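Student: Shown below is the structure under consideration.
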Amino acid sequence: MKTLDLIVPCYNEEEALPIFYNTVVPIVDGLADSAVRFLFVDDGSRDKTRAVLRDLAEKDERVRYISFSRNFGKEAAMLAGLRATNADYIGIIDADLQHDPQLLPEMLRAVSEEGYDIAAARRVDRIGESKLKSGFSKAFYKIINRISDASIEEGAQDYRIMRRKVVQAILSMPEYNRFSKGIFSWVGFQTKWFPHENRARSAGRSKWSFGNLLTYAMDGIVNFSTAPLKISLFFGSALSFVGIIYALYIIIRTLLLGSDVPGYPSIFSAILIIGGFILLFLGVLGEYISRIYMEVKNRPNYIIDETNIIPETDEKK
Ligand code: UDP
Ligand code: MG
588 MKTLDLIVPC YNEEEALPIF YNTVVPIVDG LADSAVRFLF VDDGSRDKTR AVLRDLAEKD
648 ERVRYISFSR NFGKEAAMLA GLRATNADYI GIIDADLQHD PQLLPEMLRA VSEEGYDIAA
708 ARRVDRIGES KLKSGFSKAF YKIINRISDA SIEEGAQDYR IMRRKVVQAI LSMPEYNRFS
768 KGIFSWVGFQ TKWFPHENRA RSAGRSKWSF GNLLTYAMDG IVNFSTAPLK ISLFFGSALS
828 FVGIIYALYI IIRTLLLGSD VPGYPSIFSA ILIIGGFILL FLGVLGEYIS RIYMEVKNRP
888 NYIIDETNII PETDEKK
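Counting from 1, position 64 in the sequence shown corresponds to residue 651 in our numbering; the numbering is continuous, with no gaps.
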């Protein structure tokens, strides 16, 4: 019998969790040839999420949970889940039922019978999302696929089931800054995509603000591409070239026609343009350096406060 672990990141999901559990259990009970376990990762919730998880774990021995000491973000929660599992197939699914659990049996079949290594959901519509948000999202995928070494499927979601070897590949990437959409596609492997419709949240609120999303997009680009550094090199050299030509022109002009006092506007605008570019590209450099700084410090991605996973029994297998 093969095992399937479902990793569920949860942040303030006290209302959504019971609904999630009651919806997903009947579906996984119908999976004849796989033993399913839950691996909830409570990402430092400030509501009763941890208590709800303790209750579930007491009632159902398939429920395991990890609780962080504070909120570390969904990326950290997924990483903790991936590290804690030793199952043959590993799934990741949101707690709010926006990821349709009815897809699970079909996704499992893709990896267990059809020979795929990854079954992943891809969003086909953007209902319930503002024009601005989907516009930005489209632009993001266009930019990142043009400049980075990993190509990211548009609308790819974190909803997926992977074989053990894929998870091992993901865990072999030691970076601290984890942009999972990029990591998932960087490792490669055969993926079967499942079109998936956006559903309304079962309960609770989304934790993403527009600012979060901008930072996320920036992370995606800087973590998987050095193109912005090359762009600044290009602009910088183009600008200095123009500057040198202009200086030569002035020198020759002065030699031929004598000096003329007017010319402040051009000097002033040149200073502004060059100064602006320098600041802009210092900013780009800063983005990379701040990431190098975080990598070098080598801090853990999360701190576990409480868990019902007993390491020995999980190690054996
Ligand atoms: N989540 C998390 N840590 C966070 C934010 C979110 O573990 O800091 C979880 C959340 O509980 C949910 C999933 O990640 O299961 C997706 O979050 P959300 O529904 O807020 O994002 P959206 O669906 O709006 O993209
Ligand atoms: Mg959601």
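Every residue, glycine too, gets a C-beta built ideally from N, C-alpha and C. Note that the coordinates shown come from a computational prediction; the quantities given were computed from them, not determined experimentally.
By the DSSP assignment, the alpha helix (DSSP H) with Ser-767 in it spans what residues?
Tutor: Counting along the chain, the alpha helix (DSSP H) containing Ser-767 begins and ends at 767 to 773.
Student: For Arg-788, which of helix, strand or coil comes out of DSSP?
Tutor: Reduced to three states, the DSSP call for Arg-788 is coil.
Student: From what residue to what residue does the alpha helix (DSSP H) around Lys-794 run?
Tutor: Element bounds for Lys-794: n/a, residue is neither H nor E.
Student: Following the continuous alpha helix (DSSP H) through Asp-616, name the residue where it begins and the one where it ends.
Tutor: From DSSP, the alpha helix (DSSP H) with Asp-616 extends over 603 to 616.
Student: State the start and end residues of the unbroken beta strand (DSSP E) segment that holds Tyr-652.
Tutor: That run of the beta strand (DSSP E) goes 650 to 655.
Student: Using a Cβ-based criterion (distance less than 8 Å to any ligand heavy atom), does Gly-678 qualify as near the ligand UDP?
Tutor: The answer is no for Gly-678.
Student: What number of angstroms, rounded off, separates the C-alpha of Gly-845 from the C-alpha of Ile-879?
Tutor: Taking the straight line from one Cα to the other gives about 52 Å.
Student: Less than 8 Å separating the Cβ of Asp-683 from some heavy atom of the ligand MG?
Tutor: Yes, the ligand MG has a heavy atom inside 8 Å of this Cβ.
Student: According to DSSP, simplified to helix, strand and coil, what is Glu-893?
Tutor: Strand at Glu-893.
Student: Do Leu-626 and Val-595 have their C-beta atoms closer together than 9 Å?
Tutor: Cβ distance < 9 Å, so Leu-626 and Val-595 count as in contact.
Student: Is DSSP giving Ser-621 helix, strand or coil here?
Tutor: The answer is strand: DSSP assigns Ser-621 an E or B state.
Student: Contact between the segment 690 to 700 and the segment 786 to 805 is defined here as three or more beta-carbon pairs at a separation below 8 Å; is this criterion met?
Tutor: No, the segment 690 to 700 is not in contact with the segment 786 to 805.
Student: Work out the CA separation of Trp-780 and Met-574 for me, nearest whole Å.
Tutor: The chain is shown only over 588 to 904; residue 574 falls outside these bounds and no answer can be derived.
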